[in-house]
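Going by the numbering used here, the sequence shown opens with residue 29, and the numbers climb by one from there.
In this text, a Cβ means the ideal position worked out from N, Cα and C, and glycines have one as well.
As the structure is a prediction and not an experimental result, all values here were calculated from the model.
Have a look at the structure below, then the notes.
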Amino acid sequence: MSSKSGTPKKNLMLFAGRSHLELAEEVAKCLNVTITPQQARTFANGEIFVRFEESVRGVDAFVIQSHCPPINEWVMEQLIMVDALKRASAKRITVIMPYYPYSRQDKKHKGREPISARLIADMFKVAGADRIMTVDLHTAQIQGFFDGPVDHLFAQTVLCDYLQDHYGDQPITVVSPDSGRVRLAEKWAQTLGNRPIAFIHKTRDPDRPNEAMANRVVGDAKDRLCVIIDDMIDTGGTVAGAVQVLKESGASDVVVAATHGVLSDPATERLSSCGAREVIFTNTLPIPDEKRFPGMTVLSIAPLIARAIEQVFEDGSVTSLFDGNA
């Protein structure tokens with residue numbers, strides 16, 4: 029029997045959906061690559077078509093798409109991109125979702141409800157995805173919904189570095205918006221120099237989504253700069269209520285830091301008038317000019333995503349990006 033030997037080689041190619049090209053271009057610049065050219069269009073009846081204009085045979089493909097409104101259209105576009113890559117013989121396909129869609133539907137609260145976060149994972153697996161990369165999942169167990177590797181990136185480093193640079197010399201208390209995120213607040217507090225923590229006691233009616241009542245502060249807020257941390261802000265009602273409760277409890281000032289700026293109406297109005305000194309997001313989701321206001325700061329998540337892509341491509345350690353704590 030005779031055989032033929034070849035020289036193994038690896039090629040990284042970056043593919044971008046149409047939802048947030050600004051972020052994709054930033055990631056490409058950090059990687060020193062160009063986004064692979066493609067044809068992508070939506071037909072009159074709403075169907076989506078994608079065709080890549082270069083060969084993808086044998087490549088390590090990274091497909092980035094941010095899932096902002098219209099969320100279902102962008103999910104479908106990314107699924108179609110993955111299917112096209114699989115049928116064109118890409119060697120490995122990594123789906124990059126800076127914001128994981130349907131992440132709040134991660135369990136059943138009542139009978140006859142879906143677990144849509146699991147459905148998203150199943151659809152991408154069937155489409156041909158080999159692994160998923162995402163930032164700050166709403167709940168960590170979503171990683172187990174996908175039958176394959178999930179690279180869960182944390183924006184905490186990006187946000188904490190900014191907070192340390194701008195507010196590090198002040199008496200900070202890290203505030204969780206509810207009791208469920210106290211452990212996350214503890215991690216933030218440690219990163220910011222072993223600061224004290226507090227949380228907002230609140231109630232929520234499962235029959236009334238996007239509504240919560242902030243009741244009282246558990247912990248020390250008096251005469252301190254309170255930093256409210258969360259994974260996402262949607263309509264802004266919870267955060268606005270938390271700022272008010274903290275101010276009434278004697279906080280000297282309040283800063284809000286969150287990874288994902290979903291910002292459904294009337295979030296911009298609520299956040300701009302809630303009394304917070306600054307509201308900080310990353311650009312995992314596009315935040316258009318009409319949703320911005322003078323007290324808002326948007327930090328780029330692109331360098332972190334680019335470093336994670338490099339680690340995956342080189343078969344390195346994504347965990348090393350977070351000092352082994354990912």
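Worksheet item: Going by the beta-carbon positions, is the gap between TYR128 and LEU165 smaller than 8 Å?
Response: Walking along the sequence shown from the start, residue 128 turns up at place 100. Walking along the sequence shown from the start, residue 165 turns up at place 137. Taking 8 Å as the Cβ cut-off, TYR128 and LEU165 qualify as a contacting pair.
Worksheet item: Skipping 5 residues on each side, what residues in its chain have a beta carbon closer than 6 Å to that of SER277?
Response: Counting from one through the sequence shown, the residue named residue 277 turns up at place 249. Answer for SER277: VAL245 and ALA249, listed in chain order.
Worksheet item: So, are the CB atoms of ILE143 and ASP134 less than 8 Å apart?
Response: Position 115 of the sequence shown holds residue 143. Position 106 of the sequence shown holds residue 134. Contact flag set, yes.
Practice prompt. May I ask you to report which of helix, strand or coil DSSP gives ASP179?
Written response: Numbered from 1 along the sequence shown, position 151 holds the residue referred to as residue 179. The answer is strand: DSSP assigns ASP179 an E or B state.
Fill in: Rounded C-alpha distance that separates TYR195 from GLY208
Here residue 195 refers to the residue found at position 167 of the sequence shown. Here residue 208 refers to the residue found at position 180 of the sequence shown. Going from the Cα of TYR195 to the Cα of GLY208 covers about 25 Å.
Discussion item. Restricting to Cα atoms, I'd like to know which of GLY303, VAL186 and ALA268 is closest to LEU291.
Written reply: Counted from its first residue, the sequence shown places residue 291 at position 263. Nearest neighbour of LEU291 by Cα position, chosen from GLY303, VAL186 and ALA268, turns out to be ALA268.
Worksheet item: Beta carbon of ALA330, beta carbon of LEU51: below 8 Å?
Response: For this step, residue 330 is matched to residue 302 along the sequence shown. For this step, residue 51 is matched to residue 23 along the sequence shown. Going by C-beta atoms, ALA330 is nearer than 8 Å to LEU51.
Worksheet item: Should the region 201–218 be called in touch with the region 330–345, which here means at least 3 C-beta pairs below 8 Å?
Response: no
Worksheet item: Start and end of the beta strand (DSSP E) containing LEU40?
Response: Working through the sequence shown from its first residue, we reach residue 40 at position 12. 40–44 is the extent of the beta strand (DSSP E) around LEU40.
Worksheet item: Whose C-alpha, out of ALA336, ILE337, LEU349 and SER328, is nearest the C-alpha of GLU54?
Response: Residue 54 sits at position 26 when you count from the first residue of the sequence shown. For GLU54, the nearest C-alpha among the options comes from SER328.
Discussion item. Mapping the DSSP letters down to three states, classify SER83 as helix, strand or coil.
Written reply: On the sequence shown, residue 83 is found 55 positions in, with the first residue counted as 1. Residue state, collapsed to three classes: coil.
Worksheet item: Which residues bound the beta strand (DSSP E) around SER204?
Response: Looking up residue 204 in the sequence shown gives position 176. Looking at the DSSP string, the run of the beta strand (DSSP E) that includes SER204 is 200–204.
Worksheet item: Helix, strand or coil: which one does DSSP assign to GLN171?
Response: Position 143 of the sequence shown, counted from the start, is the residue given in the question as residue 171. Looking at GLN171 - three-state DSSP - the assignment turns out to be helix.
Item to complete: Within its chain, find whatever has a CB closer than 6 Å to the CB of VAL203; leave out the 5 residues flanking it on each side and keep chain order.
Response: Locating residue 203 in the sequence shown gives position 175, where the first residue counts as 1. Correct list, in chain order: ALA226, CYS254 and ILE256.
Fill in: Residue interval of the beta strand (DSSP E) (run including GLU306)
The residue labelled residue 306 in the question sits at position 278 within the sequence shown. It spans 306–310 - the beta strand (DSSP E) in which GLU306 sits, taken as one unbroken run.
Practice prompt. Return the chain-ordered list of same chain residues with a C-beta closer than 6 Å to the C-beta of VAL282, the five sequence neighbours on each side being excluded.
Written response: Here residue 282 refers to the residue found at position 254 of the sequence shown. Same-chain partners within the cutoff: CYS254, VAL271, LEU274 and ALA304.
Worksheet item: Roughly how many whole angstroms lie between the Cα atoms of GLY74 and VAL91?
Response: Here residue 74 is taken as the residue at index 46 of the sequence shown, counted from 1. Here residue 91 is taken as the residue at index 63 of the sequence shown, counted from 1. So the two alpha carbons sit approximately 22 Å from each other.
Item to complete: State the CB to CB distance for the pair HIS288 and ASP259, rounded to an integer number of angstroms; the pair is presumed to be in contact (CB under 8 Å).
Response: In the sequence shown, residue 288 corresponds to position 260, counting from 1. In the sequence shown, residue 259 corresponds to position 231, counting from 1. Going by Cβ atoms, the distance from HIS288 to ASP259 rounds to 6 Å, so yes, they are a contact pair.
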